[in-house]
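Residue 47 is where the sequence shown starts when you use my numbering, and the numbers rise one by one after that. Backbone N, C-alpha and C define an ideal beta-carbon position, used for all residues, glycine too. Quick caveat: nothing in here was measured; it's all calculated off a predicted structure.
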Amino acid sequence: MSSSVPHASRAKAPRRRRPLVGAALVLLLGLAAACGGSATAGGGSGRGTVIKLSDPGNAGVLAYAKREKILEERLKAVGARVEWGGSYASFTATIDAVRSRSVNVLEGAISPAVGYLANGRDLRIFAAADRVTDKAAPYEDGLVVKADSPIRTVRDLVGKRVAVNRAGRGEYLLLLALKQAGIPASQVQRVYLNPAQGASAFATGKVDAWWAIVNAYPEVVAKGARVLLHGRDLPDQDLTIFAARTEVLQRGSRAVRVFLDVLRELTEQEKRDPRKFQNVFLDKGPTALSGARLDEAIAKARYQNVPRPVTDADGAHVTAVAGLFREQGVVPNAIRPEDVLVKLGAAR
47 MSSSVPHASR AKAPRRRRPL VGAALVLLLG LAAACGGSAT AGGGSGRGTV IKLSDPGNAG
107 VLAYAKREKI LEERLKAVGA RVEWGGSYAS FTATIDAVRS RSVNVLEGAI SPAVGYLANG
167 RDLRIFAAAD RVTDKAAPYE DGLVVKADSP IRTVRDLVGK RVAVNRAGRG EYLLLLALKQ
227 AGIPASQVQR VYLNPAQGAS AFATGKVDAW WAIVNAYPEV VAKGARVLLH GRDLPDQDLT
287 IFAARTEVLQ RGSRAVRVFL DVLRELTEQE KRDPRKFQNV FLDKGPTALS GARLDEAIAK
347 ARYQNVPRPV TDADGAHVTA VAGLFREQGV VPNAIRPEDV LVKLGAAR
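So this is what it looks like as C-alpha coordinates:
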(Lines of atoms letter the chains of each structure in order from A; the text may use other names.)
(Lines give C-alpha, C1' and ligand atoms only; values in the text may rest on other atoms or scores of the structure.)
Protein backbone atom coordinates (compact mmCIF):
# COMPACT_ATOMS: atom_id res chain seq x y z
CA MET A 47 0.00 0.00 0.00
CA SER A 48 1.22 3.42 -0.80
CA SER A 49 1.94 6.01 1.83
CA SER A 50 -0.11 9.16 2.35
CA VAL A 51 0.44 11.72 -0.40
CA PRO A 52 1.89 15.20 0.26
CA HIS A 53 -0.46 18.18 -0.07
CA ALA A 54 2.17 19.96 -2.16
CA SER A 55 1.65 17.56 -5.09
CA ARG A 56 -0.77 18.55 -7.84
CA ALA A 57 -4.15 16.88 -7.42
CA LYS A 58 -6.16 15.61 -10.33
CA ALA A 59 -9.50 17.16 -11.11
CA PRO A 60 -12.35 14.96 -9.84
CA ARG A 61 -13.77 12.67 -12.48
CA ARG A 62 -17.48 12.20 -13.02
CA ARG A 63 -18.71 9.27 -10.97
CA ARG A 64 -19.86 6.26 -12.88
CA PRO A 65 -22.50 4.10 -11.25
CA LEU A 66 -21.49 0.52 -10.70
CA VAL A 67 -23.40 -2.20 -12.42
CA GLY A 68 -26.10 -3.06 -9.93
CA ALA A 69 -27.65 -5.90 -11.88
CA ALA A 70 -24.99 -8.32 -10.69
CA LEU A 71 -25.77 -7.83 -7.01
CA VAL A 72 -28.33 -10.59 -6.64
CA LEU A 73 -26.06 -13.05 -8.42
CA LEU A 74 -23.04 -12.08 -6.33
CA LEU A 75 -24.90 -12.24 -3.04
CA GLY A 76 -26.29 -15.61 -4.04
CA LEU A 77 -22.77 -16.78 -4.81
CA ALA A 78 -21.59 -15.66 -1.40
CA ALA A 79 -24.41 -17.64 0.18
CA ALA A 80 -23.80 -20.73 -1.90
CA CYS A 81 -20.02 -20.98 -1.42
CA GLY A 82 -18.96 -23.21 1.41
CA GLY A 83 -16.70 -22.33 4.29
CA SER A 84 -15.68 -23.60 7.66
CA ALA A 85 -18.09 -21.36 9.50
CA THR A 86 -20.91 -18.95 8.74
CA ALA A 87 -20.92 -15.32 9.78
CA GLY A 88 -23.84 -14.24 11.92
CA GLY A 89 -26.82 -12.71 10.19
CA GLY A 90 -25.84 -9.15 11.09
CA SER A 91 -27.88 -6.56 9.23
CA GLY A 92 -24.92 -4.27 8.75
CA ARG A 93 -26.85 -1.35 10.30
CA GLY A 94 -24.50 0.78 12.37
CA THR A 95 -21.45 -1.15 11.17
CA VAL A 96 -18.28 0.80 10.40
CA ILE A 97 -15.91 -0.76 7.86
CA LYS A 98 -12.48 0.55 8.84
CA LEU A 99 -9.87 0.40 6.09
CA SER A 100 -6.26 1.52 5.84
CA ASP A 101 -5.49 4.32 3.42
CA PRO A 102 -5.36 2.78 -0.09
CA GLY A 103 -2.75 5.17 -1.43
CA ASN A 104 -2.70 6.37 -5.02
CA ALA A 105 -3.61 3.26 -7.00
CA GLY A 106 -5.96 0.30 -7.11
CA VAL A 107 -9.65 -0.40 -6.68
CA LEU A 108 -9.92 0.90 -3.12
CA ALA A 109 -8.16 4.15 -4.02
CA TYR A 110 -10.65 4.58 -6.86
CA ALA A 111 -13.55 3.72 -4.55
CA LYS A 112 -12.32 6.27 -2.02
CA ARG A 113 -12.04 9.04 -4.58
CA GLU A 114 -15.45 8.33 -6.09
CA LYS A 115 -17.03 7.72 -2.65
CA ILE A 116 -18.45 4.43 -3.90
CA LEU A 117 -18.24 2.61 -0.58
CA GLU A 118 -19.77 5.57 1.23
CA GLU A 119 -22.79 5.41 -1.07
CA ARG A 120 -23.20 1.65 -1.18
CA LEU A 121 -22.73 1.06 2.55
CA LYS A 122 -25.19 3.83 3.39
CA ALA A 123 -27.90 1.74 1.73
CA VAL A 124 -27.47 -0.91 4.46
CA GLY A 125 -27.05 1.57 7.30
CA ALA A 126 -23.26 1.17 7.44
CA ARG A 127 -20.35 3.47 6.72
CA VAL A 128 -16.64 3.41 5.93
CA GLU A 129 -13.67 5.02 7.70
CA TRP A 130 -10.27 5.41 6.05
CA GLY A 131 -7.24 5.17 8.32
CA GLY A 132 -3.45 5.28 8.13
CA SER A 133 -1.00 3.80 5.64
CA TYR A 134 0.73 0.43 6.10
CA ALA A 135 3.18 -1.41 3.85
CA SER A 136 1.72 -4.91 4.28
CA PHE A 137 -0.68 -7.12 6.25
CA THR A 138 1.86 -7.74 8.99
CA ALA A 139 2.57 -4.01 9.23
CA THR A 140 -1.15 -3.46 9.84
CA ILE A 141 -1.38 -5.88 12.76
CA ASP A 142 -1.21 -3.29 15.55
CA ALA A 143 -3.99 -1.31 13.85
CA VAL A 144 -6.11 -4.48 13.65
CA ARG A 145 -5.53 -5.23 17.33
CA SER A 146 -6.48 -1.68 18.31
CA ARG A 147 -9.57 -1.87 16.06
CA SER A 148 -8.57 1.16 13.99
CA VAL A 149 -8.58 -1.24 11.00
CA ASN A 150 -11.14 -4.06 10.87
CA VAL A 151 -11.09 -5.18 7.22
CA LEU A 152 -7.84 -5.72 5.34
CA GLU A 153 -6.16 -7.38 2.39
CA GLY A 154 -3.25 -9.78 2.68
CA ALA A 155 -2.44 -13.45 2.29
CA ILE A 156 -3.18 -16.68 4.15
CA SER A 157 0.35 -16.75 5.57
CA PRO A 158 0.20 -13.56 7.69
CA ALA A 159 -3.39 -14.35 8.67
CA VAL A 160 -2.22 -17.70 10.02
CA GLY A 161 0.63 -15.93 11.82
CA TYR A 162 -1.82 -13.50 13.40
CA LEU A 163 -4.22 -16.24 14.44
CA ALA A 164 -1.46 -18.05 16.27
CA ASN A 165 -1.99 -15.46 19.00
CA GLY A 166 -5.71 -14.81 18.78
CA ARG A 167 -9.00 -15.78 17.21
CA ASP A 168 -10.47 -12.38 16.40
CA LEU A 169 -9.87 -12.40 12.63
CA ARG A 170 -11.40 -14.45 9.81
CA ILE A 171 -10.87 -14.72 6.06
CA PHE A 172 -14.10 -14.11 4.12
CA ALA A 173 -12.80 -13.72 0.54
CA ALA A 174 -9.89 -15.00 -1.51
CA ALA A 175 -8.30 -14.68 -4.93
CA ASP A 176 -6.01 -17.23 -6.52
CA ARG A 177 -2.40 -16.22 -7.04
CA VAL A 178 -1.48 -15.16 -10.56
CA THR A 179 0.42 -17.94 -12.32
CA ASP A 180 0.47 -16.69 -15.91
CA LYS A 181 4.11 -16.48 -17.04
CA ALA A 182 3.40 -13.23 -18.90
CA ALA A 183 2.27 -11.43 -15.75
CA PRO A 184 4.72 -9.22 -13.81
CA TYR A 185 6.16 -10.74 -10.65
CA GLU A 186 4.82 -9.62 -7.28
CA ASP A 187 7.62 -10.73 -4.94
CA GLY A 188 11.18 -11.98 -4.99
CA LEU A 189 14.19 -13.08 -2.98
CA VAL A 190 16.69 -10.33 -3.77
CA VAL A 191 20.40 -9.75 -3.24
CA LYS A 192 22.71 -6.89 -4.19
CA ALA A 193 23.82 -6.90 -7.84
CA ASP A 194 27.42 -7.71 -6.83
CA SER A 195 26.53 -10.28 -4.17
CA PRO A 196 28.37 -13.63 -4.31
CA ILE A 197 25.05 -15.34 -3.49
CA ARG A 198 23.86 -17.09 -6.65
CA THR A 199 21.48 -19.79 -5.45
CA VAL A 200 19.30 -20.60 -2.45
CA ARG A 201 22.04 -22.95 -1.23
CA ASP A 202 24.37 -19.97 -0.92
CA LEU A 203 22.11 -18.58 1.81
CA VAL A 204 23.52 -21.00 4.38
CA GLY A 205 25.03 -18.93 7.21
CA LYS A 206 23.59 -15.71 5.76
CA ARG A 207 21.08 -13.17 7.11
CA VAL A 208 17.79 -12.89 5.23
CA ALA A 209 15.17 -10.25 6.00
CA VAL A 210 11.55 -11.41 6.05
CA ASN A 211 8.29 -10.19 7.57
CA ARG A 212 7.69 -12.35 10.64
CA ALA A 213 5.01 -15.06 10.26
CA GLY A 214 4.06 -13.44 6.97
CA ARG A 215 4.35 -14.12 3.28
CA GLY A 216 8.06 -13.37 3.10
CA GLU A 217 8.88 -15.90 5.81
CA TYR A 218 6.52 -18.46 4.30
CA LEU A 219 8.17 -18.21 0.87
CA LEU A 220 11.69 -18.37 2.31
CA LEU A 221 10.85 -21.50 4.33
CA LEU A 222 9.27 -23.04 1.23
CA ALA A 223 12.37 -22.27 -0.84
CA LEU A 224 14.69 -23.73 1.79
CA LYS A 225 12.58 -26.87 2.06
CA GLN A 226 12.58 -27.31 -1.70
CA ALA A 227 16.36 -26.94 -1.75
CA GLY A 228 16.78 -29.41 1.11
CA ILE A 229 18.32 -26.83 3.45
CA PRO A 230 17.38 -26.91 7.15
CA ALA A 231 15.81 -23.58 8.05
CA SER A 232 18.09 -23.38 11.10
CA GLN A 233 21.08 -22.89 8.78
CA VAL A 234 19.80 -19.53 7.53
CA GLN A 235 19.27 -16.62 9.90
CA ARG A 236 15.87 -15.02 9.45
CA VAL A 237 15.87 -11.34 10.39
CA TYR A 238 12.36 -10.17 11.17
CA LEU A 239 11.68 -6.76 9.65
CA ASN A 240 8.64 -5.03 8.16
CA PRO A 241 8.92 -3.87 4.51
CA ALA A 242 10.22 -0.39 5.36
CA GLN A 243 12.80 -1.79 7.79
CA GLY A 244 13.73 -4.51 5.30
CA ALA A 245 14.36 -1.94 2.57
CA SER A 246 16.67 0.02 4.86
CA ALA A 247 18.56 -3.04 6.12
CA PHE A 248 19.02 -4.32 2.58
CA ALA A 249 20.21 -0.95 1.25
CA THR A 250 22.76 -0.56 4.07
CA GLY A 251 24.07 -4.12 3.86
CA LYS A 252 22.83 -5.20 7.28
CA VAL A 253 21.27 -8.28 5.69
CA ASP A 254 22.58 -10.45 2.87
CA ALA A 255 19.23 -11.01 1.18
CA TRP A 256 15.61 -9.99 1.49
CA TRP A 257 12.31 -11.49 0.42
CA ALA A 258 10.66 -8.33 -0.86
CA ILE A 259 6.88 -8.29 -1.18
CA VAL A 260 4.06 -5.93 -2.18
CA ASN A 261 5.27 -2.49 -3.33
CA ALA A 262 8.75 -3.09 -1.91
CA TYR A 263 9.55 -5.65 -4.62
CA PRO A 264 9.29 -3.47 -7.76
CA GLU A 265 10.98 -0.61 -5.90
CA VAL A 266 14.07 -2.61 -4.93
CA VAL A 267 14.35 -4.21 -8.37
CA ALA A 268 14.16 -0.76 -9.97
CA LYS A 269 17.15 0.19 -7.80
CA GLY A 270 19.24 -2.64 -9.23
CA ALA A 271 18.69 -5.62 -6.91
CA ARG A 272 19.25 -9.06 -8.43
CA VAL A 273 16.46 -11.64 -8.03
CA LEU A 274 17.34 -15.19 -7.02
CA LEU A 275 13.83 -16.62 -6.88
CA HIS A 276 10.17 -15.69 -7.09
CA GLY A 277 7.24 -17.13 -5.20
CA ARG A 278 5.89 -18.25 -8.57
CA ASP A 279 8.91 -20.60 -8.87
CA LEU A 280 7.81 -22.52 -5.77
CA PRO A 281 4.90 -24.87 -4.90
CA ASP A 282 3.18 -21.86 -3.34
CA GLN A 283 -0.15 -22.69 -1.66
CA ASP A 284 -0.84 -19.15 -0.42
CA LEU A 285 -3.79 -17.06 -1.62
CA THR A 286 -4.54 -13.37 -1.71
CA ILE A 287 -7.23 -12.84 0.91
CA PHE A 288 -9.52 -10.31 2.56
CA ALA A 289 -10.11 -10.70 6.27
CA ALA A 290 -12.23 -8.96 8.89
CA ARG A 291 -12.41 -8.84 12.65
CA THR A 292 -14.93 -11.36 13.94
CA GLU A 293 -17.23 -8.80 15.53
CA VAL A 294 -17.66 -7.09 12.15
CA LEU A 295 -18.56 -10.39 10.50
CA GLN A 296 -21.00 -11.28 13.27
CA ARG A 297 -22.77 -7.94 13.61
CA GLY A 298 -22.40 -6.51 10.12
CA SER A 299 -22.13 -9.37 7.66
CA ARG A 300 -24.39 -7.56 5.21
CA ALA A 301 -22.04 -4.58 5.20
CA VAL A 302 -19.10 -6.92 4.55
CA ARG A 303 -21.01 -8.45 1.62
CA VAL A 304 -21.52 -4.98 0.18
CA PHE A 305 -17.79 -4.32 0.55
CA LEU A 306 -17.01 -7.56 -1.30
CA ASP A 307 -19.52 -6.77 -4.05
CA VAL A 308 -17.88 -3.39 -4.65
CA LEU A 309 -14.44 -4.99 -4.59
CA ARG A 310 -15.46 -7.58 -7.18
CA GLU A 311 -17.13 -5.09 -9.49
CA LEU A 312 -14.23 -2.66 -9.42
CA THR A 313 -11.65 -5.41 -9.90
CA GLU A 314 -13.49 -6.50 -13.05
CA GLN A 315 -13.41 -2.89 -14.22
CA GLU A 316 -9.71 -2.57 -13.41
CA LYS A 317 -8.86 -5.67 -15.43
CA ARG A 318 -10.62 -4.16 -18.46
CA ASP A 319 -9.33 -0.59 -18.03
CA PRO A 320 -6.40 -0.63 -15.59
CA ARG A 321 -5.00 2.78 -16.48
CA LYS A 322 -7.81 4.69 -14.78
CA PHE A 323 -6.99 2.91 -11.51
CA GLN A 324 -3.41 4.23 -11.49
CA ASN A 325 -2.37 7.65 -10.15
CA VAL A 326 -5.90 7.98 -8.81
CA PHE A 327 -5.35 11.09 -6.69
CA LEU A 328 -2.05 12.48 -7.95
CA ASP A 329 -0.09 12.20 -11.16
CA LYS A 330 2.98 13.97 -9.70
CA GLY A 331 5.00 13.25 -6.59
CA PRO A 332 6.47 10.23 -4.79
CA THR A 333 3.35 8.06 -5.00
CA ALA A 334 2.73 8.68 -8.71
CA LEU A 335 4.00 6.12 -11.22
CA SER A 336 5.32 6.79 -14.71
CA GLY A 337 7.31 5.09 -17.43
CA ALA A 338 8.22 1.44 -16.93
CA ARG A 339 6.85 1.34 -13.38
CA LEU A 340 3.45 2.54 -14.58
CA ASP A 341 3.45 0.05 -17.46
CA GLU A 342 4.24 -2.77 -15.03
CA ALA A 343 1.44 -1.75 -12.66
CA ILE A 344 -1.03 -1.66 -15.55
CA ALA A 345 0.07 -5.10 -16.74
CA LYS A 346 -0.19 -6.50 -13.21
CA ALA A 347 -3.75 -5.19 -12.92
CA ARG A 348 -4.79 -6.91 -16.15
CA TYR A 349 -3.69 -10.32 -14.87
CA GLN A 350 -5.08 -10.13 -11.32
CA ASN A 351 -7.80 -12.53 -10.25
CA VAL A 352 -11.15 -11.29 -8.97
CA PRO A 353 -11.78 -11.87 -5.23
CA ARG A 354 -14.48 -14.42 -4.39
CA PRO A 355 -16.17 -15.69 -1.26
CA VAL A 356 -14.16 -18.43 0.42
CA THR A 357 -14.98 -22.03 -0.42
CA ASP A 358 -14.36 -25.38 1.25
CA ALA A 359 -11.49 -25.93 -1.20
CA ASP A 360 -9.62 -23.03 0.37
CA GLY A 361 -9.21 -25.12 3.51
CA ALA A 362 -6.47 -27.10 1.76
CA HIS A 363 -4.49 -23.90 1.24
CA VAL A 364 -4.84 -23.00 4.92
CA THR A 365 -3.70 -26.47 5.94
CA ALA A 366 -0.65 -26.32 3.66
CA VAL A 367 0.50 -22.87 4.77
CA ALA A 368 -0.22 -23.42 8.46
CA GLY A 369 1.41 -26.85 8.28
CA LEU A 370 4.71 -25.42 7.03
CA PHE A 371 4.67 -22.74 9.73
CA ARG A 372 3.93 -25.35 12.40
CA GLU A 373 6.63 -27.68 11.07
CA GLN A 374 9.23 -24.91 11.28
CA GLY A 375 8.11 -23.64 14.70
CA VAL A 376 6.78 -20.31 13.42
CA VAL A 377 3.43 -20.95 15.10
CA PRO A 378 3.12 -22.93 18.34
CA ASN A 379 -0.04 -24.86 17.56
CA ALA A 380 -1.86 -26.42 14.63
CA ILE A 381 -4.31 -24.07 12.94
CA ARG A 382 -7.35 -25.58 11.28
CA PRO A 383 -9.32 -24.17 8.33
CA GLU A 384 -12.30 -23.61 10.63
CA ASP A 385 -10.09 -21.32 12.73
CA VAL A 386 -9.44 -19.13 9.70
CA LEU A 387 -12.27 -19.22 7.14
CA VAL A 388 -15.81 -17.90 7.29
CA LYS A 389 -18.57 -17.68 4.71
CA LEU A 390 -20.79 -14.64 4.73
CA GLY A 391 -24.13 -16.51 4.76
CA ALA A 392 -27.37 -15.82 2.98
CA ALA A 393 -28.53 -12.30 2.16
CA ARG A 394 -31.35 -10.98 4.31
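Just so you know, the alpha carbons of Leu239 and Ala213 end up roughly 11 angstroms apart. For Ala209, the uninterrupted beta strand (DSSP E) run begins and ends at Arg207 to Val210, by DSSP. The bridge partners DSSP lists for Val178 come to none. Here DSSP, grouped into helix, strand and coil, assigns Glu153 to strand. Of the other Cβ atoms in all chains shown, 16 or more fall within 10 Å of the Cβ of Asp284; this residue is therefore buried. If you look at Val96, you'll find it isn't in any alpha helix (DSSP H); it sits in the beta strand (DSSP E) that goes Val96 to Leu99.
Among the bridge pairs identified by DSSP, Leu189 is matched with Trp257 and Leu275.
Per the DSSP secondary-structure output, Gln283 pairs with nothing in a beta bridge.
With respect to Ile344, Arg321 sits close: the two C-beta atoms are nearer than 9 angstroms.
Each of Asp194, Asp187 and Gly244 was checked against the Cα of Val208, and the nearest Cα belongs to Gly244. In terms of CA proximity to Gly132, Ile141 leads the group Arg339, Val302 and Ile141. Residues Arg127 and Val128 of the same chain have their beta carbon placed closer than 8 angstroms to that of Glu118, with the five preceding and five following residues left out of the count. Rounded to the nearest angstrom, the Cβ distance from Val326 to Arg113 is 5 angstroms, consistent with a contact under 8 angstroms.
With fewer than 16 other beta carbons inside 10 angstroms of its own, Ala380 counts as exposed. Per DSSP, the continuous alpha helix (DSSP H) segment holding Gln296 begins and ends at Thr292 to Arg297. Between the alpha carbons of Gln296 and Lys122 lies a distance of about 19 angstroms.
The bridge partners DSSP lists for Ala173 are Phe288 and Pro355. Of all alpha-carbon atoms in Arg170, Ala139, Ser157 and Ile116, the one lying nearest the alpha-carbon of Pro355 is that of Arg170. Taking the Cα of Tyr185 as reference, the smallest distance to any Cα among Tyr263, Gly298 and Arg145 is reached at Tyr263.
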